[in-house]
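83 is the number of the first residue of the sequence shown in the numbering used here; add one for each residue after it.
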Amino acid sequence: MRLLHTSDWHLGQNFYSKSRAAEHDAFLTWLLDRAQEHEVDAIIVAGDIFDTGSPPSYARELYNRFVVQLQQTGCRLVVLAGNHDSVAMLNESRDILAFYTPPWWRTPATRRLSCRCATARRAPSSVRCRFYARASW
């Protein structure tokens, strides 16, 4: 199974008063190309997809377009919220992800998130993530 790990995209962020929309768009295009080039089975985004809990609409559009384009390649997407992200905001794409990907489940007692799936090459596989973040989880 080939995994690509990334984090801290901060979509919607401005650099002083300059929008980074074009930069973010170029990054997501580059990431999609790399996933295809290297036949990545899953991309794990470990937080801070957005810069704030209420990102601008263009940032949401970039993210949602990326989700759809990525899933069309057969690559899975694992998204973990970071301290800049709003779980409610990330859940806006839950229906899109559910349509394209197998279900994920979490085990609060062990703080584990798991999924069984087939890789792009149809080999059975699974992904497990373990969390150490907050005691209240």
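Even for Gly, the Cβ is constructed at its ideal location relative to N, Cα and C.
Taking the alpha-carbon of residue i as reference, which of the options has the nearest alpha-carbon?
i    : options                : result
L110 : S99, P138, A163, D90   : D90
D130 : H92, R142, D115        : H92
A108 : G164, A141, A170       : A141
R147 : L85, M83, N96, L113    : L113
L144 : T88, L86, R102, M83    : R102
A117 : G94, G135, S139, L152  : L152
H87  : A128, H120, E121, N96  : A128
R158 : N96, Q95, E121, G164   : E121
G164 : A124, T134, K100       : T134
G94  : S136, V150, I126, V161 : S136
L162 : I125, V150, N96        : I125
N96  : D123, E119, P138, M83  : P138
Taking all protein chains shown into account, do 16 or more other C-beta atoms lie within 10 angstroms of the C-beta of residue i, making it buried, or fewer, making it exposed?
i    : result
D115 : exposed
D154 : This sequence places Gln at residue 154; Asp is not what is there. Answer is exposed; the Cβ neighbour count stays below 16.
Y98  : exposed
H106 : buried
A104 : exposed
A85  : It should be pointed out that residue 85 corresponds to Leu in this sequence rather than to Ala. So L85 ends up on the exposed side.
H170 : It should be noted that the sequence gives Ala, not His, for residue 170. So A170 ends up on the exposed side.
Give the DSSP bridge partners of residue i, in chain order.
i    : result
R124 : Just to set this straight, residue 124 is Ala in the shown sequence, not Arg. Beta-bridge pairing links A124 to L85, R158.
L93  : F132
Residue i CB to nearest chain E CB: under 8 angstroms?
i   : result
L93 : Included in the structure is just one protein chain, with no chain E present.
Between which two residues does the alpha helix (DSSP H) holding residue i run?
i    : result
R116 : 103-119
N146 : 139-153
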